[in-house]
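Chains as they are written, first to last, in our numbering: chain Z, 1 to 114; chain S, 1001 to 1115.
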């Protein structure tokens, strides 16, 4: 079964600092999909990005960027110039091609202080 | 744009009671997922439906059941509630067309508290 590890339980930074959230995954499938979700204090899960296993291109979206490296089974997420509104729990998740069970990591709680 | 609608948003029940959560997926989405997120935990997959048929089953207790109706909305029925069932229950939908990998659009969740 697939597995997602987010080793960082909590991270605290000061506003405007850059921060990287780590995600390491395990799967036996050759076709799989990786996701990042944000869960702010209000509780909803907000989709941030989706990557399939055949697309190792890194992506940048505003202050957010993602580094997907199959060689190390990692899909790390960097927030540049963090803001207080970035404070949330961030989940990395993995979905396999023929398995409906999207598996989440334990989440990383990011606190951005003013 | 219409999102996934879950009701009720908050629910308080006593032990051994029954609860029903409802989920209305995004229009034209054919796949619904239910997740349970305990306090401080990551969301755990319970069950999914594709075109009104159960497509996969995760860590859903036998006391729970779910179904997807002809209008694609789904209901999660929980009986003989236990204190440990207190959690945030998420419904998510996607346009699956029988394949995985699409992004899941989550509702805002239904918070169940069992006293």
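All residues carry an ideal CB built from backbone N, CA and C; glycine is no exception.
For residue 19 of chain Z, the enclosing beta strand (DSSP E) begins and ends at 19-21. The CB of residue 1090 of chain S comes closer than 7 Å to the CB of 45 in chain Z, given here in chain order. Three or more pairs of CB atoms, one per stretch, sit closer than 8 Å, so the segment 92-112 of chain Z contacts the segment 25-34 of chain Z. Below the 9 Å Cβ cutoff, chain S contributes no neighbours of residue 63 of chain Z, its closest Cβ being approximately 20 Å away.
Under a 10 Å Cβ-count criterion, residue 1077 of chain S is classified as exposed, with fewer than 16 other Cβ atoms of the shown protein chains found around its own Cβ. Between residue 1073 of chain S and residue 1027 of chain S, the C-beta spacing is not below 8 Å. Cβ neighbours of residue 1065 of chain S within its own chain (closer than 7 Å, five residues either side excluded): 1077. Residue contact with chain S for residue 91 of chain Z: present (Cβ-Cβ distance below 8 Å to some residue of chain S).
Under the Cβ distance rule, residue 1115 of chain S does not count among the residues neighbouring chain Z, no pair being separated by less than 8 Å. DSSP, read as helix, strand or coil, puts residue 1112 of chain S in strand. Residue 73 of chain Z sits in coil when the DSSP states are folded into three classes, being neither helix nor strand. In this structure, the CA atom of residue 83 of chain Z is about 30 Å from the CA atom of residue 1010 of chain S. Bounds of any beta strand (DSSP E) do not take in residue 87 of chain Z, whose DSSP letter is neither H nor E. In the three-state scheme derived from DSSP, where H, G and I count as helix and E and B as strand, residue 1056 of chain S is classed as strand. The residues 36, 66, in chain order, have a CB closer than 6 Å to that of residue 49 of chain Z in the same chain once the five nearest residues on each side in sequence are set aside. Assignment of residue 1083 of chain S by DSSP, reduced to helix, strand and coil, places it in the helix class.
Residue 1010 of chain S has S:1111 as its beta-bridge partners, per DSSP.
Apart from the 5 residues on each side of it in sequence, residue 1083 of chain S sits with its Cβ closer than 6 Å to the Cβ of 1114 in its chain, given in chain order. Cβ neighbours of residue 1075 of chain S within its own chain (closer than 8 Å, five residues either side excluded): 1020, 1021, 1022, 1023, 1066, 1067, 1069.
Within the segment 30-71 of chain Z, not a single complete alpha helix (DSSP H) segment reaches 4 residues in length. Across the segment 1069-1090 of chain S, CB contacts with chain Z closer than 8 Å involve 1088, 1090, in sequence order along the chain.
Of the candidates S:1111, S:1103, S:1063, S:1111 places its Cα closest to the Cα of residue 1090 of chain S.
Assigned with DSSP and collapsed to three states, residue 93 of chain Z falls in strand.
Excluding its 5 nearest sequence neighbours in each direction, residue 10 of chain Z has C-beta neighbours in its own chain below 6 Å: 109, listed in chain order.
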